[in-house]
Amino acid sequence: MATTVFEVEKVNALKPLEGKVAIVTGASRGIGAEIAKVLARNGATVVGTYNNSPKHIQDVAKVIEEEGGKFRVIQADVAKFDDTERLASEVVENFGKIDILINNAGITKDRTFRKISKEEWDAVINVNLNGVFNATKAVIKHMLDQNYGRIVSISSIVGQAGAFGQTNYAATKAGILGFTKSLALETASKGITVNAVCPGYIATEMVAAMPKEVLDNIIAKVPMKRLGTPAEVAQAVLFLVQADYVTGQAIAVNGGLYM
Ligand code: NAP
């Protein structure tokens, strides 16, 4: 049966990111894995990166491929500038461009400030904040050349409100918010939007690592009385990569915990 123009338009409406090439850092687990799936479901060609979890990212690849999505895996430690340069070059060589960057990779090394070591401070800064610099620096020239780009970085409620035992993590997540607004100003006239998402407490391995009584206390304070899901964070990312007139913003996905 011949495909009518109407049918072609209908297909594209169902897959609004068809033709777009996206990088999601830290797509092997948790929030990043879900963002990769959602972008692929919406038609994007997704390059998902991992650092230490090759098996987990293969599981993500299997799900996306079974759903008919387009997914490529590349190993890259975002804390290493050369890795992110290699990542961007490989994506451009293979797919011709980079339209979307999701800076998701992140770690915690929680300790009260009195006890935190220089190594624990540096490790979190290197992945969570320098990683955002490295990946963004690697892709921005390609976005500027094509006058189009969507950059979304995963910050945190902790960057807005602070958290006991997380000076290192909070500094990186607040840093992402300042970075986002400044880069948004620099690129607003070049077709590039730069935004952040601030999740509250989301059910992933990162949160599972928290002591149960601490987590129970947090959930009791969440107006919605539950943890968020990675899919709920991915919804906000999906909105931001499609929004043309939204830049320099931070969308909170936190069940009302911080307003
Ligand atoms: P997660 O389950 O621990 O997953 C972390 C992801 O980051 C993994 O895919 C991991 O890859 C990757 N990663 C870690 N270090 C990396 C490095 N050096 N280079 C490249 N990738 C690296 O964490 P999550 O809960 O999904 O968190 C994802 C993001 O959301 C983080 O930025 C986190 O700070 C933020 N966030 C989470 C919550 C929450 O409640 N869960 C709340 C607010 C913000 P490998 O396993 O392959 O190493």
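Sequential numbering from 7 applies to the sequence shown in my numbering. Beta carbons: idealized from backbone N, C-alpha and C, even for Gly.
**OP:** On the DSSP bridge assignment, give the partners of residue 77 in chain order.
**Re:** 52
Original post:
Where do the ends of the alpha helix (DSSP H) carrying residue 59 lie?
Top reply: Where residue 59 is concerned, there is no enclosing alpha helix (DSSP H), given that its DSSP letter is neither H nor E.
Subject >> Where residue 23 falls, given that 16 or more other Cβ within 10 Å makes a residue buried >> reply: buried
Subject >> residue 88 beta carbon near the ligand ZN (any heavy atom closer than 8 Å) >> reply: As for the ligand ZN, it is missing from this structure, which binds only the ligand NAP.
**OP:** Report all residues from its chain with a CB closer than 7 Å to the CB of residue 242; omit the five preceding and five following residues, and keep chain order.
**Re:** 203, 257 and 259
Original post:
Whose C-beta lies closer than 6 Å to the C-beta of residue 38 among residues of the same chain, with five residues either side of it excluded?
Top reply: Closer than 6 Å at Cβ, skipping near neighbours: 30, 32 and 110.
**OP:** Please look up how many angstroms separate the CB atoms of residue 171 and residue 117, rounded, as I've assumed it's under 8 Å.
**Re:** Yes, they are in contact, since the Cβ atoms of residue 171 and residue 117 sit about 6 Å apart, within 8 Å.
**OP:** Taking residue 215 as the reference, give the member of 120, 154, 36 and 18 with the closest Cα.
**Re:** 36
Original post:
Nearest to residue 155 by CA position, among 185, 136, 139 and 193, is which residue?
Top reply: 193
Subject >> As assigned by DSSP and simplified to three states, the class of residue 93 >> reply: Three-state result, residue 93: helix.
Original post:
Do three or more CB pairs link the region 114-129 to the region 182-200 at distances below 8 Å?
Top reply: no
Subject >> residue 54 to residue 121 span [Cα, whole Å] >> reply: 35 Å
Subject >> residue 262 - DSSP class collapsed to helix/strand/coil >> reply: coil
**OP:** Starting from residue 201, follow the beta strand (DSSP E) in both directions and report where the run begins and ends.
**Re:** Its beta strand (DSSP E) spans residues 198-205.
**OP:** May I ask you to report which of helix, strand or coil DSSP gives residue 113?
**Re:** coil
**OP:** Please work out which residues of its chain come closer than 6 Å, Cβ to Cβ, to residue 50, disregarding the five sequence neighbours upstream and downstream, and give them in chain order.
**Re:** 23, 26 and 28
**OP:** Give the secondary structure of residue 122 by DSSP, where H, G and I count as helix, E and B as strand, and everything else as coil.
**Re:** coil
**OP:** With distances taken Cα to Cα, identify the nearest neighbour of residue 199 among 158, 166 and 225.
**Re:** Comparing Cα positions, the closest option is 158.
Original post:
Who are residue 155's beta bridge partners in DSSP?
Top reply: 198
Subject >> Which residues DSSP lists as bridging residue 133, in chain order >> reply: Residue 133 is not bridged to any residue.
**OP:** With a 10 Å radius around its C-beta and 16 neighbouring C-beta atoms as the bar for buried, classify residue 119 as buried or exposed.
**Re:** exposed
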